[in-house]
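Asks: This is the structure, below, for whatever I ask next.
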Amino acid sequence: MARILLVEDDQRIRQLVADGLAGHGHDVISAAAAMDGLNELVASAPDLVVLDLGLPDLEGTELLKMMRAVSAVPVVVATARSEDSDVIAVLDAGADDYIVKPFSVAQLAARIRAVLRRSGDEQGTETIVIGALEIDAPAREVRLGGAVLDLSPKEFDLLRYLAEHQGEVVSKRDLLAEVWRQPYGGSDKTVDVHLSWLRRKLGESASDPRFLRTVFGVGVKLVEPES
Ligand code: CA
Numbered sequence: 001m002a003r004i005l006l007v008e009d010d011q012r013i014r015q016l017v018a019d020g021l022a023g024h025g026h027d028v029i030s031a032a033a034a035m036d037g038l039n040e041l042v043a044s045a046p047d048l049v050v051l052d053l054g055l056p057d058l059e060g061t062e063l064l065k066m067m068r069a070v071s072a073v074p075v076v077v078a079t080a081r082s083e084d085s086d087v088i089a090v091l092d093a094g095a096d097d098y099i100v101k102p103f104s105v106a107q108l109a110a111r112i113r114a115v116l117r118r119s120g121d122e123q124g125t126e127t128i129v130i131g132a133l134e135i136d137a138p139a140r141e142v143r144l145g146g147a148v149l150d151l152s153p154k155e156f157d158l159l160r161y162l163a164e165h166q167g168e169v170v171s172k173r174d175l176l177a178e179v180w181r182q183p184y185g186g187s188d189k190t191v192d193v194h195l196s197w198l199r200r201k202l203g204e205s206a207s208d209p210r211f212l213r214t215v216f217g218v219g220v221k222l223v224e225p226e227s
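So this is what it looks like as structure tokens:
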């Protein structure tokens, strides 16, 4: 649950989105115009902003720049425009993600979760220790028996996600959504290939597993090896 500032001039959409996000357990503050949104940002210090680009008093992109000048709050832009140049402009102006109208509240809620998780991650969490394996999240470094492993960024993210869910079976679908940010697409093959690379770097294989246990037809879990 988060405090969310919704800046949207269309009364019908504003109501729909505000009610929907409240239904997802969020505390929603809304503003119908850009300057009201900026005032609310300062007054209520939300955890995240959902920003409509087409506002009556100011272009959403301009408002985003003004927000960035006073706050590092994560911003998800909601836009009716799907042209590449608009998307690039808002991301360049400091948006963390965007969603194209029309969208479902469930999809927006999923984007919000992902953005909040990412922004939380960037603040750095602690080191996770599982047997001889140490996953140092702030340093993005993994050590096995004290020796630093040479992992790609994706292998690191995958290992960290599994470590955060130590002992739980995580499905490939969840890994695609959480590690690859592909909740509605992506191929299991991507996960399989990265798992096999990760296994090799951890000094194990699918037939002789230690940390990474495949649960056939369900997913994979990270466990502390027995010996
Ligand atoms: Ca609008």
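So that you can map any letter, position 224 of the sequence shown is 224 in the working numbering, and since no number is skipped, the others follow by simple counting. A virtual CB, placed ideally from N, CA and C, is assigned to each residue, including glycine. Predicted model only: the values in this text are computed from it and were never measured.
Where does Arg143 fall in DSSP's three states?
Replies: Residue state, collapsed to three classes: strand.
Asks: Could you name the residues of the same chain whose beta carbon sits closer than 8 angstroms to that of Leu198, not counting the 5 residues immediately before and after it, in chain order?
Replies: These residues qualify, in order along the chain: Leu151, Glu155, Leu158, Leu159, Leu212.
Asks: Can you tell me where the beta strand (DSSP E) with Gly219 in it begins and where it stops?
Replies: Gly219 -> beta strand (DSSP E) spans 219–222.
Asks: Check whether the stretch 95–106 touches the stretch 125–133, counting contact only when three or more Cβ pairs, one atom from each stretch, lie closer than 8 angstroms.
Replies: Not touching, per the Cβ criterion.
Asks: Check Ser30 in the structure and name its three-state DSSP category.
Replies: In this structure, Ser30 counts as strand in the three-state DSSP scheme.
Asks: Am I right that Arg68 and Gly37 are in contact with their C-beta atoms under 8 angstroms? What's the rounded C-beta distance?
Replies: Not really, about 13 angstroms apart at Cβ, beyond 8 angstroms.
Asks: Between Ser187 and Val218, is the Cβ-Cβ spacing less than 8 angstroms?
Replies: Taking 8 angstroms as the Cβ cut-off, Ser187 and Val218 do not qualify as a contacting pair.
Asks: Where in the stretch 156–188 do unbroken runs of the beta strand (DSSP E), each at least 3 residues long, occur, reported from the N-terminal end onward?
Replies: Taking only runs of at least 3 residues, no beta strand (DSSP E) segment lies wholly in the stretch 156–188.
Asks: Measuring only the C-alpha atoms, how far is Ser44 from Ala2?
Replies: Using only the alpha carbons, I get a separation of about 12 angstroms.
Asks: For Leu48, tell me which candidate among Lys221, Val76, His194, Glu134 has the shortest Cα-Cα distance.
Replies: Among Lys221, Val76, His194, Glu134, the Cα nearest to that of Leu48 belongs to Val76.
Asks: Note down, in chain order, each residue of its chain lying with its Cβ closer than 8 angstroms to the Cβ of Asp96, except the 5 sequence neighbours on either side.
Replies: Taken in chain order, the residues that qualify are Pro74, Val75, Val76, Val115, Arg118, Ser119.
Asks: Sort Val100, Arg181, Ile88, Arg143 by Cα distance to Val50 and report the nearest one.
Replies: Looking at the Cα atoms, Val100 is the closest of the given residues.
Asks: Under 7 angstroms from any heavy atom of ligand 3, does the C-beta of Leu55 make it?
Replies: With respect to ligand 3, the structure offers nothing, as its ligand set consists of ligand 1.
Asks: Measuring only from the beta carbon, is Asp86 closer than 7 angstroms to any heavy atom that is part of ligand 1?
Replies: Asp86 Cβ: outside cutoff for every heavy atom of ligand 1.
Asks: Short check: CB of Leu63 to CB of Glu40, under 8 angstroms?
Replies: Taking 8 angstroms as the Cβ cut-off, Leu63 and Glu40 do not qualify as a contacting pair.
Asks: Taking C-alpha atoms, which residue in Asp208, Ala32, Arg14, Lys65 lies nearest to Leu55?
Replies: Minimum Cα distance to Leu55 is reached at Ala32.
Asks: Identify the residues that DSSP records as bridge partners of Asp136: which are they?
Replies: Paired residues: Thr127, Glu141.
Asks: Could you check the C-alpha separation between His194 and Lys221 for me, to the nearest Å?
Replies: Cα-Cα distance, rounded: 14 angstroms.
Asks: Quick check: the Cα distance between Asp136 and Val70, rounded to an integer number of angstroms?
Replies: So the alpha carbons of these two residues sit roughly 31 angstroms apart.
Asks: Does DSSP classify Val73 as helix, strand or coil?
Replies: DSSP places Val73 in coil when its eight states are reduced to three.
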